[in-house]
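Colleague: After the structure tokens below, expect a handful of questions from me.
In my numbering, the protein residues as written are 57 to 573.
Below, the structure is given as structure tokens:
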């Protein structure tokens with residue numbers, strides 16, 4: 057069984073007194089009663105420790121919001137930062153509240169470091185949990201059937217395309233990867249660009265392949281081929297724990313990715329935010345990425361400029377200056393970008409029969425890939441201030457503050473239906489207000505009704521993605537065929553799976569899907 061914190065608390069808080077009923081699992085000594093609550097601000101003098109993982113921009117925004125917290129509660133908090141590697145080297149969180157990448161939730165829960173959120177959060181009028189996109193409520197914030205976090209926004213990979221270019225060229229955005237690859241080759245030839253938009257050097261498409269993103273991109277391509285309506289298993293066999301990344305749907309995806317990547321030549325390996333920024337250089341037809349806010353885009357551009365000037369890797373944690381985002385574009389006015397779903401497939405692989413099948417006419421060809429990015433906020437399992445920590449979690453992620461924080465980070469996005477009605481905070485400079493509005497509508501639709509899978513949501517996720525990314529690079533470089541590279545990656549995944557603290561992989565795969573053991 058996983059090392060998870062107990063969930064036997066009982067709450068006897070005063071109704072309407074902040075969010076003291078948000079927790080389950082409290083020790084008896086932490087139970088608030090009528091005798092305990094003697095003032096309107098029960099957190100006066102409480103100094104919380106807030107740990108921010110892998111997000112310097114978000115850390116600074118949370119520091120700057122401390123005044124509002126102090127005014128409301130007479131309490132305070134101290135923000136510290138760590139990388140995910142530094143955090144996983146620790147023996148404890150050493151925090152009361154932790155803000156971290158979505159995909160780290162399984163690792164932190166399995167270590168017993170997070171406290172569940174009580175189900176009463178869904179009825180609290182201040183939190184407005186029903187306003188949160190459905191799959192964030194039911195999938196990304198849960199491990200097994202238990203909710204452990206509140207979201208600051210989880211981007212989905214989409215195809216962003218130059219709408220003006222496509223319209224003038226008489227082309228439609230791609231709905232399948234075959235169409236994406238054909239359009240990529242088409243627009244890589246500058247003669248197919250209208251003269252008014254024609255760049256000196258044309259780039260047909262971009263896909264994120266920096267570091268672990270190569271593995272994520274491969275899984276995003278493979279999802280449409282691998283996610284069958286009658287199967288739980290996508291990239292692992294849920295019954296045996298056996299990796300499926302060396303099977304036909306993933307091999308096909310890597311063969312296609314290898315072909316299109318080679319046509320891009322020496323194009324730099326980028327993260328999704330860097331791919332989004334590259335669209336504003338004016339010579340890229342489309343990109344697999346997500347739109348960030350104008351404020352976050354400024355941060356990405358400034359970090360890239362700093363890295364170039366100081367010979368740093370674009371993935372380094374770099375300071376941000378006030379360079380205007382307008383410098384990113386070569387034309388005047390916002391860029392006309394359209395939002396299309398992540399490309400998919402009209403055929404899907406059926407493992408029991410070892411055969412390809414046509415998707416039904418009523419099936420969506422696109423599969424939503426969850427766990428790609430985003431930030432979650434949780435209560436530390438051993439905090440001495442669980443009620444105050446719960447209040448801070450719901451304050452940071454609540455409707456009053458979530459947008460102010462999320463727009464500062466390139467790894468966050470809209471998380472609530474209400475945000476889609478007010479997209480203006482996400483716009484500015486080259487980011488037209490129509491873009492976050494369209495993307496918000498896309499998120500609302502895809503995070504409600506679409507077929508989905510996760511991009512490896514397990515403990516030791518980074519190790520899985522590094523192994524898969526190595527396979528991608530070897531295939532692109534020609535060191536190995538796609539099938540050979542994926543066979544080696546599957547062997548690496550088996551080795552990684554053996555290191556889950558003696559646990560078999562099958563229960564973890566079930567928890568990933570929200571199922572019990």
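Idealized CB from N, CA, C, for every residue including glycine.
Bear in mind the structure is a predicted one, so any value in this text is a computation, not a measurement.
Roughly how many angstroms separate the alpha carbons of residue 208 and residue 246, rounded to a whole number?
Modeller: Using only the alpha carbons, I get a separation of about 40 Å.
Colleague: When you measure from the CB of residue 240 to every non-hydrogen atom of the ligand ATP, does any distance come out below 8 Å?
Modeller: Within the structure as shown, the ligand ATP is missing, as the structure has no ligands at all.
Colleague: Roughly how many whole angstroms lie between the Cα atoms of residue 101 and residue 132?
Modeller: Their Cα atoms are separated by approximately 7 Å.
Colleague: Going by DSSP in three states, residue 618 sits in which element: helix, strand or coil?
Modeller: No answer is possible for residue 618: the residues shown for the chain start at 57 and end at 573.
Colleague: Tell me the residue span of the beta strand (DSSP E) that contains residue 108.
Modeller: Counting along the chain, the beta strand (DSSP E) containing residue 108 begins and ends at 103-109.
Colleague: Under 9 Å between the Cβ atoms of residue 464 and residue 496?
Modeller: Against a cut-off of 9 Å, the Cβ pair of residue 496 and residue 464 comes out as no contact.
Colleague: Out of 315, 338, 390 and 226, state which residue places its alpha-carbon closest to the alpha-carbon of residue 350.
Modeller: Ranking 315, 338, 390 and 226 by Cα distance to residue 350 puts 390 first.
Colleague: If you check the beta carbons only, do residue 183 and residue 433 fall under 9 Å apart?
Modeller: No; because the gap between Cβ atoms is not below 9 Å, this pair is not in contact.
Colleague: When you compare the region 520-530 with the region 254-271, are there three or more beta-carbon pairs, one atom per stretch, that lie closer than 8 Å?
Modeller: Judged by Cβ distances under 8 Å, the region 520-530 makes contact with the region 254-271, as three or more pairs qualify.
Colleague: Hey, is residue 163's beta-carbon within less than 9 Å of any beta-carbon in chain C?
Modeller: The structure shown contains no chain C; it holds only a single protein chain.
Colleague: Give every residue of the same chain whose Cβ lies closer than 7 Å to the Cβ of residue 297, excluding the five residues on either side of it in the sequence, and list them in chain order.
Modeller: Excluding sequence neighbours, residue 297 sits near 553, 560, 561, 562 and 565.
Colleague: Just to confirm my understanding: we take residue 137, look at its own chain, exclude 5 residues before and 5 after, and list those with CB closer than 7 Å. What are they?
Modeller: So the list reads 108, 112 and 115, once near-sequence residues are dropped.
Colleague: When the Cα of residue 259 is compared with those of 227, 290, 328 and 343, which residue comes out closest?
Modeller: The shortest Cα separation from residue 259 among 227, 290, 328 and 343 belongs to 343.
Colleague: Assign residue 532 to one of three DSSP states: helix, strand, or coil.
Modeller: Of the three classes helix, strand and coil, the one that applies to residue 532 here is helix, per DSSP.
Colleague: Considering only the alpha carbon of each residue, which of 161, 180 and 318 lies closest to residue 170?
Modeller: Nearest option by C-alpha distance: 161.
Colleague: Nearest to residue 353 by alpha carbon, out of 341, 339 and 335?
Modeller: Among 341, 339 and 335, the Cα nearest to that of residue 353 is on 335.
Colleague: Return the chain-ordered list of same chain residues with a C-beta closer than 8 Å to the C-beta of residue 568, the five sequence neighbours on each side being excluded.
Modeller: The residues are 162, 199, 510, 513 and 514.
Colleague: In terms of residue numbering, what span does the beta strand (DSSP E) encompassing residue 415 cover?
Modeller: That residue, residue 415, is in no beta strand (DSSP E); it is neither H nor E in DSSP.
Colleague: Taking only three categories from DSSP, how would you classify residue 137?
Modeller: DSSP places residue 137 in strand when its eight states are reduced to three.
Colleague: Using 10 angstroms around the beta-carbon of residue 570, count the other beta-carbons present and answer buried if the total reaches 16, otherwise exposed.
Modeller: Counting Cβ neighbours within 10 Å, residue 570 comes out exposed, since fewer than 16 surround it.
Colleague: Taking residue 332 as the reference, give the member of 518, 167 and 491 with the closest Cα.
Modeller: Cα-wise, what sits closest to residue 332 is 491.
Colleague: Could you name the residues of the same chain whose beta carbon sits closer than 7 Å to that of residue 437, not counting the 5 residues immediately before and after it, in chain order?
Modeller: Here the set comprises 61, 168, 169, 170 and 171.
Colleague: So, is residue 356 buried or exposed, given that buried needs 16 or more other C-beta atoms within 10 angstroms?
Modeller: By the neighbour-count rule (16 or more Cβ atoms within 10 Å), residue 356 is buried.
Colleague: May I ask you to report which of helix, strand or coil DSSP gives residue 199?
Modeller: DSSP places residue 199 in strand when its eight states are reduced to three.
Colleague: Taking C-beta to C-beta, are residue 393 and residue 219 nearer than 9 Å?
Modeller: A contact, by the Cβ cut-off of 9 Å.
Colleague: Are residue 118 and residue 452 closer than 9 Å when you measure CB to CB?
Modeller: Yes. Within cutoff.
Colleague: I need the DSSP call for residue 441, collapsed to helix, strand or coil.
Modeller: Correct three-state label for residue 441: coil.
Colleague: What would DSSP say about residue 285, mapped onto helix, strand or coil?
Modeller: Residue 285: coil per DSSP, three-state reduction.
Colleague: Which of the three DSSP states, helix, strand or coil, is assigned to residue 373?
Modeller: Unreliable placement is indicated for residue 373, whose pLDDT of 36 sits below 50; no coordinate value is reported for it.
Colleague: So is residue 110 buried or exposed if we call it buried at 16+ other beta carbons inside 10 Å?
Modeller: It counts as buried.
Colleague: Look at the Cβ atom of residue 177, then the Cβ atom of residue 281, and state whether they are nearer than 9 Å.
Modeller: No, the Cβ-Cβ distance between residue 177 and residue 281 is not below 9 Å.
Colleague: Can you list the alpha helix (DSSP H) stretches of 4 or more residues lying completely in the region 160-242, in chain order?
Modeller: You should have 161-166 and 219-225.
Colleague: On the criterion of 16 or more Cβ atoms from any shown chain inside 10 Å, does residue 34 qualify as buried, or is it exposed?
Modeller: Lying outside 57 to 573, the shown extent of the chain, residue 34 is not represented and no answer is given.
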